[in-house]
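Engineer: Chains as they are written, first to last, in our numbering: chain P, 398 to 510; chain F, 5 to 119.
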Amino acid sequence: GNSVTQMEGPVTLSEEAFLTINCTYTATGYPSLFWYVQYPGEGLQLLLKATKADDKGSNKGFEATYRKETTSFHLEKGSVQVSDSAVYFCALIPLGNTGKLIFGQGTTLQVKP
Amino acid sequence: NAGVTQTPKFRVLKTGQSMTLLCAQDMNHEYMYWYRQDPGMGLRLIHYSVGEGTTAKGEVPDGYNVSRLKKQNFLLGLESAAPSQTSVYFCASRPKDRGRRQPQHFGDGTRLSIL
């Protein structure tokens, strides 16, 4: 079946540190891949996406590359800020046209000044 | 610029009570979804709709019913609430497209506690 696995959190970093949140997936064919972010008390916001192999999604200094060979979509940022503290969800939409998202369990990021 | 609006934002129910959560979107989206979010489990799909008058089961549909009488509204009902339904509920919508590239837009959630 289709599934998404994220690294367990929480991840605690100092401001300006480098961030990597690992995400791997299992799916048939070529799913579309997404990262969503959830700030405290809010809903989910799309952070970035990639729809085919070797695509790189980027937004607000975050990047992730669709790696078909390793079935991965790791999230990276070169220098995190306190305002990046949130829960990050990796997700995929498998083949089919209903657009159902399949989420990983989420990774909590806490950035300390 | 409302996007996806969920009401209510918070609710406490007693076991056995019923209630309806309302989701409204003003983006003319065809597809709408209801998820529940539980600690350590991410978001799980309860029901979804691909258009007005249509609904389908998701991953965890038991104990819930839905209706989509109008394109802009998607209602989630609990007929007889149980403590296991204590969760944060999110509604999402997205436009119909030719592929799977369109992201879903989420509401701010409804925090529901069943005592």
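The beta-carbon is built from N, C-alpha and C at its ideal position, and this holds for glycine as well. From a predicted model like this one, the values you see are computed outputs, not experimental measurements.
Looking at C-alpha atoms only, which residue of 25/F, 24/F, 47/F and 33/F is the closest neighbour of residue 402/P?
Structural biologist: With distances taken between Cα atoms, residue 402/P lies closest to 47/F.
Engineer: Name the two residues that bound the continuous beta strand (DSSP E) containing residue 483/P.
Structural biologist: Run containing residue 483/P: 483-490, per the beta strand (DSSP E) assignment.
Engineer: Between residue 483/P and the rest of its own chain, which residues show a CB-CB distance below 7 Å, the 5 nearest in sequence each way excluded?
Structural biologist: Cβ neighbours of residue 483/P beyond the five flanking positions: 434, 435, 436 and 506.
Engineer: Going straight from the alpha carbon of residue 87/F to that of residue 53/F, what length do you get?
Structural biologist: When rounded, the distance between both Cα atoms is 26 Å.
Engineer: Kindly say whether residue 398/P, judged by its beta-carbon, lies nearer than 7 Å to any beta-carbon of chain F.
Structural biologist: Taking Cβ atoms only, chain F never reaches closer than 7 Å to residue 398/P, which makes this a no.
Engineer: On the criterion of 16 or more Cβ atoms from any shown chain inside 10 Å, does residue 508/P qualify as buried, or is it exposed?
Structural biologist: Counting Cβ neighbours within 10 Å, residue 508/P comes out buried, since at least 16 surround it.
Engineer: For residue 98/F, go through chain P and note every residue whose CB falls closer than 7 Å to its CB, in chain order.
Structural biologist: Per Cβ cutoff of 7 Å: 496.
Engineer: Are the Cβ atoms of residue 108/F and residue 115/F separated by less than 7 Å?
Structural biologist: Not a contact, by the Cβ cut-off of 7 Å.
Engineer: Given this structure, state the Cα-to-Cα distance separating residue 70/F from residue 416/P, to the nearest angstrom.
Structural biologist: Those two C-alpha atoms are separated by around 40 Å.
Engineer: Please report whether the beta-carbon of residue 470/P lies at a distance below 7 Å from any beta-carbon of chain F.
Structural biologist: Output row for residue 470/P: interface = no.
Engineer: By how many angstroms is the C-alpha of residue 399/P removed from the C-alpha of residue 493/P?
Structural biologist: Going from the Cα of residue 493/P to the Cα of residue 399/P covers about 12 Å.
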